[in-house]
Ligand code: NAD
């Protein structure tokens, strides 16, 4: 498998692909029962790249019924742990072998630079599946201390059918953060991928079956959130919904769970992460380069994007000047199929308009643009491009500080003391992530303890591996992805008390 090295070669590969567009149920692609479809448009140029089957409640019923028979006959849950492990390892190997095709599909569908998919998303997808495959036979129960007349066993069992609803910013990776532990734990799953970028998720399901995964264990229903997503969340045979997406939809899912079977609801939702630059940091230039990646990578469409730059007043002016200059040097906004591109378009024209509206609102509220602010030198007028944007003269009560933008937009606020930095950082309904830049160990520990965030980075941003639980405090969610504990979150505990006397 030779990886294309020029835009022309990626274009040629993309022209040769015929993406699957059906729902994936019981190991094969099928149309929606009612024949409904929706267009899948590339944000690169606004062209329709696929016409997708649009699942409705009846299709969700069919997908869940297929999972239920797989669950009830035990074709997956009762497989020996190492046999399940072998399937997941083979699944990862097949995904790796199809890297080029998956990278180009993801790039066309979502707008992400093809090099990013190859160098970031796909390696993380593989790591996730292999990590949870390795965890399968490491799950252990317990024998508790009882008197001699009893034996007490605590065991972990899979839940049954789990529904996963995922967003478009990392379509494959966000799906696999859910699917790998769901499947490793022995459950069956119905995935409802984001309607903006469903193409690669269908391939993940196809490759699972190709790797030896029994048909019916992993089904995919494309469709709209308010139709297929809602039907999945209301379904009485679904034991848990696991979700990554907006806080507003996360709240709805809790309502749907209450209206149906009180299913468990695991939420990874929005964020507005602060990056704090203390006056004693080691090296401002290094910190700025990392901070830039922390907000502008993936064109800012990252839940933990470090969009709030809290800078000690003594560093402020130098920070803003260098941040703007380095951003211009580091990002090349261009066609995502060009391997040299480091920033592609946003996922859709709708998202571009959302972001530009927020930029305009920030200006109306008195914030001043220090960089970007519009489409910039976009390579195509039909593409959903927004240039990296930086706001200064920003107040804590402004929308640009309080509301998620989900685009390449950051704001700078100056602070005078550690206490003020913490108050600004925590002054948000969100609490997904935060970073602190300081050379003082005591300051670092104090601030880590004071920050209301599920993930805190010290002298870095976005670093981590599979051992890092990822998820938020406050309205950023109520669960964690990654880490072996998330396997247990797709299992339930059984206590068996044996009377021996
Ligand atoms: P979204 O909430 O609009 O959509 C996410 C998913 O929910 C999609 O599949 C959508 O179809 C579905 N959905 C929408 N309405 C629904 C409904 N009524 N019932 C059931 N499902 C429904 O979010 P988005 O715009 O796709 O993604 C961006 C959001 O995701 C941002 O808020 C971002 O912060 C968040 N996000 C969070 C994390 C995290 O780990 N915390 C990671 C990535 C993205």
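In the working numbering, the protein residues as written are 69 to 569. Idealized CB from N, CA, C, for every residue including glycine.
Beta carbon of residue 555 nearer than 8 Å to that of residue 253:
The answer is yes: Cβ separation under 8 Å.
Considering only heavy atoms of the ligand NAD, does any lie closer than 7 Å to the CB of residue 134?
With a threshold of 7 Å, the Cβ atom of residue 134 does not count as near the ligand NAD, since no heavy atom of the ligand is closer than that.
On the criterion of 16 or more Cβ atoms from any shown chain inside 10 Å, does residue 562 qualify as buried, or is it exposed?
That one is exposed.
Does the beta carbon of residue 371 fall short of 7 Å from some heavy atom of the ligand NAD?
Yes; taking the cut-off as 7 Å, the Cβ of residue 371 has a heavy atom of the ligand NAD nearer than that.
Let me check understanding here. Comparing Cα to Cα, which of 260, 549, 545 lies closest to residue 322?
Selected option, being the one with the closest Cα: 545.
What runs of the alpha helix (DSSP H), each 4 residues or longer, lie entirely inside the segment 159-234?
Every alpha helix (DSSP H) of 4 residues or more that sits fully in the segment 159-234 is shown, in chain order, as 167-178, 190-203.
Which ranges would you report for the alpha helix (DSSP H) in the segment 495-544 if only whole runs of at least 4 residues count?
Counting only runs of at least 4 residues, the segment 495-544 fully encloses the following alpha helix (DSSP H) elements, listed from N- to C-terminal order: 509-518.
Compute every distance between the C-beta of residue 234 and the non-hydrogen atoms of the ligand NAD, then say whether any falls below 7 Å.
The answer is yes for residue 234.
The beta strand (DSSP E) enclosing residue 336, as first and last residue numbers
Looking at the DSSP string, the run of the beta strand (DSSP E) that includes residue 336 is 332-336.
Curious, which full-length beta strand (DSSP E) runs of at least 3 residues does the segment 280-368 contain?
With a minimum length of 3 residues, the continuous beta strand (DSSP E) runs that stay inside the segment 280-368 are 286-288, 308-312, 332-336, 342-345.
What is the rounded straight-line gap between the Cα of residue 260 and the Cα of residue 313?
Spanning the two alpha carbons is a distance of roughly 12 Å.
Going by C-alpha to C-alpha distance, which of 566, 106, 519 sits closest to residue 263?
From the listed residues 566, 106, 519, the smallest Cα separation to residue 263 is found for 106.
Which partner residues of residue 559 appear in the DSSP bridge assignment?
Partner(s): 226.
According to DSSP, residues forming a beta bridge with residue 91
98.
Would you say residue 310 and residue 232 are within 8 Å of each other, going by their C-beta atoms?
Going by C-beta atoms, residue 310 is nearer than 8 Å to residue 232.
Can you determine whether any heavy atom of the ligand NAD sits closer than 7 Å to the C-beta of residue 314, and answer yes or no?
Residue 314 Cβ: within cutoff of the ligand NAD.
Considering only heavy atoms of the ligand NAD, does any lie closer than 7 Å to the CB of residue 395?
For residue 395, the distance from the CB to the nearest heavy atom of the ligand NAD is not below 7 Å.
Within its chain, find whatever has a CB closer than 8 Å to the CB of residue 568; leave out the 5 residues flanking it on each side and keep chain order.
Result list for residue 568: 216, 217, 218, 219, in chain order.
Roughly how many angstroms lie between the CA atoms of residue 25 and residue 196, to the nearest whole one?
Since the first residue of the chain shown is 69 and the last is 569, residue 25 is not available in this structure.
My output table needs one value for residue 15: the three-state DSSP class, helix, strand or coil.
Here the chain has residues from 69 to 569 only, and residue 15 is not among them.
Any 3 or more C-beta pairs closer than 8 Å across the segment 446-462 and the segment 121-134:
Segments in contact, no.
Taking the beta strand (DSSP E) that residue 380 belongs to, which residues open and close that run?
The continuous beta strand (DSSP E) containing residue 380 extends over residues 376-380.
Closest Cα partner of residue 308 within the set 565, 499, 557, 564:
Of all alpha-carbon atoms in 565, 499, 557, 564, the one lying nearest the alpha-carbon of residue 308 is that of 557.
Considering only DSSP beta bridges, list what residue 129 is partnered with.
According to the DSSP secondary-structure assignment, residue 129 is paired through a beta bridge with no residue.
Residue 454 lies in the beta strand (DSSP E); which residues open and close that run?
It is not in any beta strand (DSSP E) - residue 454 carries neither H nor E in the DSSP assignment.
Mapping the DSSP letters down to three states, classify residue 395 as helix, strand or coil.
DSSP places residue 395 in helix when its eight states are reduced to three.
Taking buried to mean at least 16 other C-beta atoms within 10 Å of its own C-beta, is residue 238 buried or exposed?
So residue 238 ends up on the buried side.
Determine, using beta carbons only, whether residue 359 and residue 374 come nearer to each other than 8 Å.
Less than 8 Å divides the Cβ of residue 359 from the Cβ of residue 374.
DSSP state of residue 240 mapped onto helix, strand, coil:
Of the three classes helix, strand and coil, the one that applies to residue 240 here is helix, per DSSP.
Do you know offhand how far residue 135's Cα is from residue 297's?
If I take the Cα positions, the gap works out to 16 Å.
Whether or not the segment 381-396 and the segment 434-450 are in contact is what I'm after, with contact meaning three or more pairs of Cβ atoms, one per stretch, closer than 8 Å; do they touch?
By the criterion of at least three beta-carbon pairs nearer than 8 Å, the segment 434-450 is in contact with the segment 381-396.
State the CB to CB distance for the pair residue 174 and residue 69, rounded to an integer number of angstroms; the pair is presumed to be in contact (CB under 8 Å).
Residue 174 to residue 69, Cβ: 16 Å. No contact.
Using the Cα positions of residue 430 and residue 87, report the straight-line distance between them to the nearest angstrom.
Cα atoms of residue 430 and residue 87: separation of roughly 40 Å, rounded to the nearest angstrom.
Counted within 10 angstroms of its Cβ, other Cβ atoms place residue 178 as buried (16 or more) or exposed
It is buried - the Cβ of residue 178 has at least 16 other Cβ atoms within 10 Å.
Simplified DSSP assignment, three categories, for residue 260:
The three-state secondary structure of residue 260, taken from DSSP, is strand.
Residue 523 and residue 516 look like a contact to me (Cβ under 8 Å); what is the Cβ gap, rounded to whole Å?
Rounded to the nearest angstrom, the Cβ distance from residue 523 to residue 516 is 11 Å, too far for a contact under 8 Å.
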